[in-house]
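When we follow this note's numbering, the leftmost residue of the sequence shown carries the number 35, and every step to the right adds one.
Heads up, the beta-carbon is just placed ideally off N, CA and C, and yes, glycines get one too.
A quick note: this is a predicted structure, and the numbers were derived from the prediction, not measured.
A short write-up of the structure that comes next.
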Amino acid sequence: MMDTDTNLRKCERCFIFLEADNESTNCMNCQRHEQIQNERHKSSECLKKQAKKMMTISNKKFTPLEVGTTVKVSIPDVDRARGSPRNLLAVITQVEDDLYKLGTENGIIKHLYTRSQIDPCKECFVDLVSVNTEKEITLREAAGFSSVTGSQGYKRCNCKLNCRTNKGICRLAGILCNSKCHNSMPCENK
35 MMDTDTNLRK
45 CERCFIFLEA
55 DNESTNCMNC
65 QRHEQIQNER
75 HKSSECLKKQ
85 AKKMMTISNK
95 KFTPLEVGTT
105 VKVSIPDVDR
115 ARGSPRNLLA
125 VITQVEDDLY
135 KLGTENGIIK
145 HLYTRSQIDP
155 CKECFVDLVS
165 VNTEKEITLR
175 EAAGFSSVTG
185 SQGYKRCNCK
195 LNCRTNKGIC
205 RLAGILCNSK
215 CHNSMPCENK
């Protein structure tokens, strides 16, 4: 599209003036933008291809599991207390789009898991009947329920009366006092 001046013409995308001896119909900025868009599209296609390849390899390596199978889920360090178990036993309650919904005696875990995140157990430790389907819990809460010491952190009381009453933090929580509680004071909750 030529302008009145013979040495200038307009870019077809952004309509700025270009020199007439430039063979392209677009300015340098529009050409660069077009090239970037093409590279992004190629990159997106390559990522989809790679994801499909990874899923194929994963599906060959990990066989699908059925509802009712007892599985072991590893608990990340940030979600468990020091003395807590590293794994949680759960049962598969639902399978949708190769993602597994897990349940424990304390509730259904909110997060969906892929097959590579869970390991099947040879024995049936948790039944579907024993799963509390009315309550949804996080993995951290489930780890706290399965732990002897409770969830992250610790509770301590500062009782002065040998922990005889239920007013202390430890007695209220239903746990035994530990060494971090009232130092060398005598205690009836050990």
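Query raised in the report: Which residues in the same chain have their Cβ closer than 7 Å to the Cβ of residue 124, if we skip the five residues on either side of it in sequence?
Result: Mapped onto the sequence shown, residue 124 falls at position 90. Within the same chain, residue 124 has close Cβ partners 105, 107, 136, 137, 138, 143 and 160.
Query raised in the report: Are residue 191 and residue 178 closer than 7 Å when you measure CB to CB?
Result: Locating residue 191 in the sequence shown gives position 157, where the first residue counts as 1. Locating residue 178 in the sequence shown gives position 144, where the first residue counts as 1. Not closer than 7 Å, so no.
Report task. Starting from residue 177, trace the alpha helix (DSSP H) both ways and give me its first and last residue. Result -> Counting from 1 along the sequence shown, the entry for residue 177 is found at position 143. Residues 173 to 180.
Query raised in the report: Just checking, does the segment 162 to 171 make contact with the segment 116 to 130 on the three C-beta pairs under 8 Å criterion?
Result: yes
Requested in this report: Look up residue 231 in the DSSP assignment and give the residues it is bridged to.
Outcome: Outside the displayed span of the chain (35 to 224) sits residue 231, for which this structure offers no information.
**Report entry** CA-to-CA distance, residue 199 to residue 218, given in whole angstroms
**Finding:** As a first step, residue 218 is located in the sequence shown; it is residue number 184 there, counting from the start. As a first step, residue 199 is located in the sequence shown; it is residue number 165 there, counting from the start. So the alpha carbons of these two residues sit roughly 18 Å apart.
**Report entry** Exposed unless 16 or more other CB atoms sit within 10 angstroms - verdict on residue 53
**Finding:** For this step, residue 53 is matched to residue 19 along the sequence shown. By the 10 Å Cβ count, residue 53 comes out exposed.
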